[in-house]
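A.B. asks: Please find one structure pasted underneath; my questions will follow.
Following this line, the structure appears as structure tokens:
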């Protein structure tokens, strides 16, 4: 296998600490100079090729030549949102007037998961598929994976964009693709035993579910061939240290990495070698972070909403796109990557972040605190209500199956205390029977907001 | 070889690929060379060269 590596990648390349050291350690001045050039070009491209953008710009009297700087781009190009594009697509399905390439250049169709409503259709050109895969390679390399590794996709394919980009990335990386296709959980476990892949690609929740199912089958997947786990689609090992520990324990893995992506934008933010965040691949996208209430850019280290523009989806350009992801931006990192870093990956969602009696509560913080409590499984739900004049939150969690039911009240008390100390706010805590909460193969639903619409944030309505 | 020299080689390679591909009339070879040019463009893009957004938009 080493010989094959030597044919495709030189010994010198194999020793590189980064998949693309020139791009991943590019000085900030050079990155910004590229953004100035590329933002001007992507604005001109959208205006010239997408009827949606031409109309949008014409409506406000904006011409591509008006964009001469990064600041111009931030302040003059309107923010866009998924609902704008969904409406346009519904008027003229499947892609509507946003599309910027002719039909014969669309080689792949995918859709968002529809977890927040109607799926958004996503067209890709051949080049787009190549570019969507590239950032995965940076994540693979940083995690310690090399082309001689082999990837098992515990993924049902279909039109959900999800791990298609990972597939394009693995092909680019030069590793073996092993598709789990339409297998069920038991089938995946048997395939992993038989085919001996070294990397598991799955959502974090499903990776843990596979391990639990293996135990029920009498198979400890910590003894399997898997050496690395890679994730997307949910808060993963860089957002949730507890989940990382669970993944490494469950699979006996050396490392776990992840990639933050947004199906309609790109698979754009690979985790780094130290596992404390993801970095925006600034060759593929331009990102900045705003206060979602005021629209003003936040300072480094402050939490805000990620706004992103893709250079890589030429079939459906999306400019200044509101992600609703809450992130903490950093411009330096001990890993050596100079790309904009989101410390702890995505901290929450503007539409999921819960403000409870004046305190912001992020689902990731709840999950980390649950994971720190012995006897508590990773399966939980957050339920928001407003029974009187004050918001209430109930956390329903499953105790580990080995915890006797008689011990559940004490466990709930311990969880409540940890939540109070960690979140600085009192929440109700209810243990529920193991395996009673619903399981999801893709995006796991954690937050259930039962409050009347008027009591939610504007963005949540 | 310096990075700048490698970039120059990549640009030359795009010119050679374009010359071999243009008006050939062989679907297989034209498709293969279109992908070759796409990959050369992507290499230049990721070396920080100010190329166009898509390879066919660059004037060869």
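Chains as they are written, first to last, in the working numbering: chain A, 1 to 461; chain B, 1001 to 1060. Don't be surprised by glycine CBs; every beta carbon is placed ideally from N, CA and C. Note that the structure is predicted; figures quoted are calculated from it, not measured.
Starting from the beta carbon of residue 37 (chain A), find every residue of chain B whose beta carbon is closer than 7 angstroms, and list them in chain order.
C.D. replies: 1050
A.B. asks: Closer than 7 angstroms between beta carbons: that is the criterion. Which residues of the region 314–327 of chain A meet it against chain B?
C.D. replies: When CB distances to chain B are screened at a threshold of 7 angstroms, the residues of the region 314–327 of chain A falling below it are 314, in chain order.
A.B. asks: Check the C-beta distance from residue 224 (chain A) over to residue 246 (chain A) and give it rounded, since I have them as a contact under 8 angstroms.
C.D. replies: In fact, because the Cβ distance is near 16 angstroms, the residues do not count as touching under 8 angstroms.
A.B. asks: Nearest chain B C-beta to residue 4 (chain A) closer than 8 angstroms, yes or no?
C.D. replies: Unreliable positioning characterises residue 4 (chain A) in this predicted model, as indicated by a pLDDT of 49, which lies under 50. The coordinate reading is nonetheless provided below. At a cut-off of 8 angstroms between C-beta atoms, residue 4 (chain A) does not count as an interface residue with respect to chain B.
A.B. asks: Here's the rule: buried if 16 or more other CB atoms are within 10 angstroms of the residue's CB, otherwise exposed. What is residue 304 (chain A)?
C.D. replies: Buried is the label assigned to residue 304 (chain A), since at least 16 other Cβ atoms lie within 10 Å of its Cβ.
A.B. asks: Could you check what DSSP says for residue 339 (chain A) in three-state terms: helix, strand or coil?
C.D. replies: coil
A.B. asks: Taking 7 angstroms as the limit between beta carbons, can you name the residues of its chain near residue 175 (chain A), skipping five residues before and five after?
C.D. replies: 147, 149, 150 and 151
A.B. asks: Taking residue 1038 (chain B) as the query, report the chain A residues whose CB atoms sit under 8 angstroms from its CB, ordered along the chain.
C.D. replies: Ordered by position in chain A, the residues that pass the 8 angstroms Cβ test against residue 1038 (chain B) are 126, 127 and 130.
A.B. asks: So what's residue 19 (chain A) in DSSP terms, helix, strand or just coil?
C.D. replies: coil
A.B. asks: Just verifying my parser: in three-state terms, what is the DSSP assignment at residue 468 (chain A)?
C.D. replies: A question about residue 468 (chain A) goes unanswered here, because the residues of chain A that appear run from 1 up to 461.
A.B. asks: Have a look at residue 76 (chain A) and residue 54 (chain A) and give me their C-alpha separation to the nearest angstrom.
C.D. replies: Taking the straight line joining both Cα atoms gives about 14 angstroms.
A.B. asks: From A:449, A:130 and A:438, pick the residue whose C-alpha is nearest to that of residue 468 (chain A); which is it?
C.D. replies: A query on residue 468 (chain A) cannot be resolved here, the shown segment of chain A reaching from 1 to 461 and no further.
A.B. asks: Consult DSSP for residue 1051 (chain B) and reduce its assignment to one of helix, strand or coil.
C.D. replies: coil
A.B. asks: Taking a cut of 9 angstroms between CB atoms, which residues from the region 190–201 of chain A lie near chain B?
C.D. replies: Taking 9 angstroms as the Cβ-Cβ cut-off, the region 190–201 of chain A has no residue approaching chain B.
A.B. asks: Can you give me the start and stop residues for the beta strand (DSSP E) that residue 288 (chain A) sits inside?
C.D. replies: 285–290
A.B. asks: Excluding sequence positions up to five away, which residues of its chain have a Cβ less than 7 angstroms from the Cβ of residue 6 (chain A)?
C.D. replies: Unreliable placement is indicated for residue 6 (chain A), whose pLDDT of 47 sits below 50; no coordinate value is reported for it.
A.B. asks: Here's a check: name, in chain order, each residue in its chain whose Cβ is nearer than 8 angstroms to the Cβ of residue 63 (chain A), leaving out the five neighbours to either side.
C.D. replies: Around residue 63 (chain A): 47 and 57.
A.B. asks: Can you check DSSP and say which residues form a bridge with residue 255 (chain A)?
C.D. replies: Under DSSP, residue 255 (chain A) shares a beta bridge with A:228.
A.B. asks: Contact between the region 13–22 of chain A and the region 37–47 of chain A: three or more CB pairs below 8 angstroms?
C.D. replies: no
A.B. asks: Let me know the beta strand (DSSP E) ranges lying completely inside the region 169–240 of chain A, each 3 residues or longer, listed in chain order.
C.D. replies: 176–179, 199–201 and 228–231
A.B. asks: In chain order, what residues of the same chain lie with their CB nearer than 7 angstroms to the CB of residue 108 (chain A), ignoring the 5 residues before and after it?
C.D. replies: 124 and 129
A.B. asks: Where residue 1043 (chain B) and residue 373 (chain A) are concerned, what is the direct C-alpha to C-alpha distance, given to the nearest angstrom?
C.D. replies: If I take the Cα positions, the gap works out to 48 angstroms.
A.B. asks: For the alpha helix (DSSP H) that contains residue 417 (chain A), what are its first and last residues?
C.D. replies: 408–423
A.B. asks: Would you decide whether residue 243 (chain A) is buried or exposed? Buried here means 16 or more other CB atoms lie within 10 Å of its CB.
C.D. replies: buried
A.B. asks: Taking the C-alpha atoms as reference points, what is the distance between residue 1027 (chain B) and residue 164 (chain A)?
C.D. replies: 27 angstroms
A.B. asks: Closer than 8 angstroms, CB to CB, is residue 47 (chain A) near chain B or not?
C.D. replies: no
A.B. asks: Closer than 9 angstroms, Cβ to Cβ, to anything on chain B: give me those residues from the region 5–26 of chain A, in chain order.
C.D. replies: Those would be 20, 22, 23 and 26, in chain order.
A.B. asks: Are residue 156 (chain A) and residue 189 (chain A) touching if we call contact CB-CB under 8 angstroms?
C.D. replies: no
A.B. asks: Express the C-alpha separation of residue 30 (chain A) and residue 231 (chain A) in angstroms, rounding to a whole number.
C.D. replies: Roughly 31 angstroms separates the two Cα atoms.
A.B. asks: Taking the C-alpha atoms as reference points, what is the distance between residue 38 (chain A) and residue 318 (chain A)?
C.D. replies: 14 angstroms
A.B. asks: Are the CB atoms of residue 312 (chain A) and residue 439 (chain A) within a distance shorter than 8 angstroms?
C.D. replies: no
A.B. asks: Report the rounded CA-to-CA distance for residue 187 (chain A) versus residue 400 (chain A), giving the unit in angstroms.
C.D. replies: 25 angstroms
A.B. asks: Quick one: any contact between the region 134–143 of chain A and the region 267–277 of chain A, if contact means 3 or more CB pairs under 8 angstroms?
C.D. replies: Yes: at least three Cβ pairs fall under 8 angstroms.
A.B. asks: With residue 322 (chain A) as the anchor, note down where its beta strand (DSSP E) starts and where it stops.
C.D. replies: For residue 322 (chain A), the enclosing beta strand (DSSP E) has its first and last residue at 321–327.
A.B. asks: Grouping DSSP H, G and I as helix and E and B as strand, with all else coil, what is residue 1046 (chain B)?
C.D. replies: helix
A.B. asks: Let me see if you follow: with CB-CB separation under 8 angstroms, is residue 346 (chain A) close to chain B or not?
C.D. replies: False, the Cβ-Cβ gap to chain B never drops below 8 angstroms.
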